[in-house]
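Student: I'd like to ask some things about the structure below.
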Amino acid sequence: MKIMEIEGGRPLSGIIRVSGAKNATVALIPAAILTDDEATICNIPEITDTDALCDILKFLKVKVNRASESMIIDPKFMENAEITEEFSKKLRASYYFMGALLGKYKKCVMYFPGGCSIGARPIDLHLKGFEALGAHITVEKNKYTVEAEELKGANIYLDIASVGATINIMLAAVKAKGRTVIDNAAKEPEIVNVATFLNNMGAKIVGAGTSTIKIEGVDYLGKCFHEVIPDRIEAGTYIIIGALCGEKFKVDNMIPEHVDSLLSKLEEMGVDLEIGSDYVTINKQSDNLKATNIKTAVYPGFPTDLQQPFSILLTQANGKSKVNETIWENRFMHVPYMSNLGADVTVKNQTATIFGPTPLKGTTVTATDLRAGAALVAAGLKATGKTTITNVEHILRGYEQIIEKLEGVGAKISIKEI
Ligand code: UD1
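Its first residue numbered 34, the sequence shown is counted upward by one per residue in the working numbering.
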């Protein structure tokens, strides 16, 4: 197991450069197998989720050429094999191979995906979408066989605007016969990034980023070059850290519009921000932050993935704040650890109530999932004394070079294997 140690309570200043988006990358890599030629993707983050997907590509005999931040994926000689339970369980996004393999070969055999335990995380909407396109699904224990004689465009209404289902249905539909319309599609920037990638290959997708996506099936997808968008959740996490501990603290190489809901909330709280075209700077720390309430929602609402780090900032605001989680049933696992660090926080009915400001004091805590881990890093940087975070493997799944980036702005932070 890896642990992280932070000597907190230090002011942070300097520049943090945001990496490519994890949630776009983890869809783009499986999507790349849809090309009949080869695909080059750049700005790929070095995170363990990327490694796990590359392992699946190699298992399927896809040629992968990885050099620094770019990856050339050549599926010309790939073989469609059953993706083992071990590979499927490594991460949530393994499920994008379902849509991609179904789209390419009209067949995929794999197991229920893994990922953070933040809720039940069903995949019924993905499967309903595949069925609407003409696929038959057999489930034996955890093993899913999805196959079709022919995939035919269809009108699909998503009961929930699910990111995963929207992308997976796009992947299955790009080569289907005729037109597919996805209604109540999710609108996250990562979906636009994936649609642009497929269009660069020759797909005909319009409407990505709105709630209606239309896909005209094509027979051939060609060579393409593509860039991963900056990670809005990583950017948001560092902006929150800046609001907690920063002075002349710049988060660079990002798209501020992608974190509009966060920036509005920070402004409402009185954080001294400068918002540029591709950066956000926290000028100086405020010791008089106002309490506020947030409710997580699909994009462009307040992202559930920033709720946990944001709750740490609320411990430093004056008065009572509330965090209402509406997307995942189990996203308050960081709360007992917040209390151990000195926060005044309780949870009832999917809402955390936080009274502040309270001083935070370092102790030993556990990263129960990726964003809970990021929240504890933010807390450890603010807390006086030493914070030790166990199970940091969760954090490394989604934050590229987190140690180097935070050291670069003056943090005392390290990781060691125990
Ligand atoms: C993606 C993100 C994750 C983020 C989430 C919501 C990736 C790899 N992960 O997860 O970081 O927290 O979006 O912004 O991009 N649902 C169903 N049935 C389904 C699919 C989803 O009921 O078939 C429900 C889920 O239980 C959840 C809600 O829909 O309550 C949203 O899930 P979804 O948008 O699909 O999240 P993911 O794509 O798994």
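Backbone N, C-alpha and C define an ideal beta-carbon position, used for all residues, glycine too.
Taking Met371 as the reference, which of Gly395, Gln383 and Met34 has the closest Cα?
Tutor: Position 338 of the sequence shown, counted from the first residue, corresponds to residue 371. Cα-wise, what sits closest to Met371 is Gly395.
Student: For Cys87, which residues from the same chain have a beta carbon less than 6 Å from its beta carbon, with the 5 sequence-adjacent residues on both sides left out?
Tutor: Along the sequence shown, one-based indexing puts residue 87 at 54. Val97.
Student: Please list, in chain order, all residues of the same chain as Gly303 whose beta carbon is under 7 Å from its beta carbon, the five residues on each side excluded.
Tutor: The residue you call residue 303 lines up with position 270 of the sequence shown. Cβ neighbours of Gly303 beyond the five flanking positions: Ser319, Asn321, Leu322 and Lys323.
Student: Cβ of Asn175 versus every heavy atom of the ligand UD1: is any distance shorter than 8 Å?
Tutor: Residue numbering aside, residue 175 sits at position 142 when the sequence shown is read from its first letter. The answer is no for Asn175.
Student: Going by the CB atoms, is the gap between Asn357 and Thr401 shorter than 9 Å?
Tutor: For this step, residue 401 is matched to residue 368 along the sequence shown. For this step, residue 357 is matched to residue 324 along the sequence shown. No, the Cβ-Cβ distance between Thr401 and Asn357 is not below 9 Å.
Student: Please list the terminal residues of the continuous beta strand (DSSP E) segment that includes Lys210.
Tutor: The count along the sequence shown starts at 1 and reaches residue 210 at position 177. From DSSP, Lys210 is part of no beta strand (DSSP E); its letter is neither H nor E.
Student: From the DSSP output, in three-state form, read off Glu300 for me.
Tutor: As a first step, residue 300 is located in the sequence shown; it is residue number 267 there, counting from the start. Three-state DSSP puts Glu300 in a helix.
Student: Assign Cys141 to one of three DSSP states: helix, strand, or coil.
Tutor: Sequence index remark: in the sequence shown, residue 141 carries index 108 (1-based). In this structure, Cys141 counts as strand in the three-state DSSP scheme.
Student: Does the Cβ of Pro155 have 16 or more other Cβ atoms within 10 Å, making it buried, or fewer, making it exposed?
Tutor: Taking the sequence shown and counting its residues from 1, the one referred to as residue 155 is at position 122. Pro155 should be labelled exposed.
Student: Compare the C-alpha of Leu306 against each of Asn316, Ala228, Lys298 and Ser297 and name the closest.
Tutor: Taking the sequence shown and counting its residues from 1, the one referred to as residue 306 is at position 273. That would be Asn316, whose Cα lies nearest to the Cα of Leu306.
Student: Does the distance between the C-beta of Gly413 and the nearest non-hydrogen atom of the ligand UD1 fall short of 8 Å?
Tutor: As a first step, residue 413 is located in the sequence shown; it is residue number 380 there, counting from the start. No; taking the cut-off as 8 Å, the Cβ of Gly413 has no heavy atom of the ligand UD1 nearer than that.
Student: Return yes when at least one heavy atom of the ligand UD1 lies under 8 Å from the C-beta of His169, else no.
Tutor: For the purposes of this step, residue 169 is identified with residue 136 of the sequence shown, where counting begins at 1. Outside the cutoff, so no.
Student: With a 10 Å radius around its C-beta and 16 neighbouring C-beta atoms as the bar for buried, classify Ile193 as buried or exposed.
Tutor: Here residue 193 refers to the residue found at position 160 when the sequence shown is read from its first residue. Classification of Ile193: exposed, given that the 10 Å Cβ count is below 16.
Student: Between His427, Met203, Tyr271 and Phe388, which has its C-alpha nearest Val313's C-alpha?
Tutor: Position 280 of the sequence shown, counting from 1, holds the residue named residue 313. With distances taken between Cα atoms, Val313 lies closest to Tyr271.
Student: Between Ile89 and the rest of its own chain, which residues show a CB-CB distance below 7 Å, the 5 nearest in sequence each way excluded?
Tutor: On the sequence shown, position 56 is the one that residue 89 refers to. Excluding sequence neighbours, Ile89 sits near Ile116, Phe120, Ser127 and Phe130.
Student: Jot down the residue ranges of each uninterrupted beta strand (DSSP E) in the segment 380 to 445, minimum 3 residues, whole runs only, in chain order.
Tutor: Counting whole runs of 3 or more residues, the segment 380 to 445 contains the beta strand (DSSP E) stretches 384 to 389, 397 to 399 and 418 to 423.
Student: Please tell me whether Pro336 and Thr329 are closer than 9 Å, where the distance is taken between their beta carbons.
Tutor: Taking the first residue of the sequence shown as position 1, residue 336 is located at position 303. Taking the first residue of the sequence shown as position 1, residue 329 is located at position 296. A contact, by the Cβ cut-off of 9 Å.
Student: Between which two residues does the alpha helix (DSSP H) carrying Ala268 extend?
Tutor: Translated into positions along the sequence shown, residue 268 becomes position 235. Segment Arg265 to Cys278, the alpha helix (DSSP H) holding Ala268.
Student: Do Pro222 and His169 have their beta-carbon atoms positioned less than 9 Å apart in this structure?
Tutor: Position 136 of the sequence shown holds residue 169. Position 189 of the sequence shown holds residue 222. The answer is no: Cβ separation not under 9 Å.
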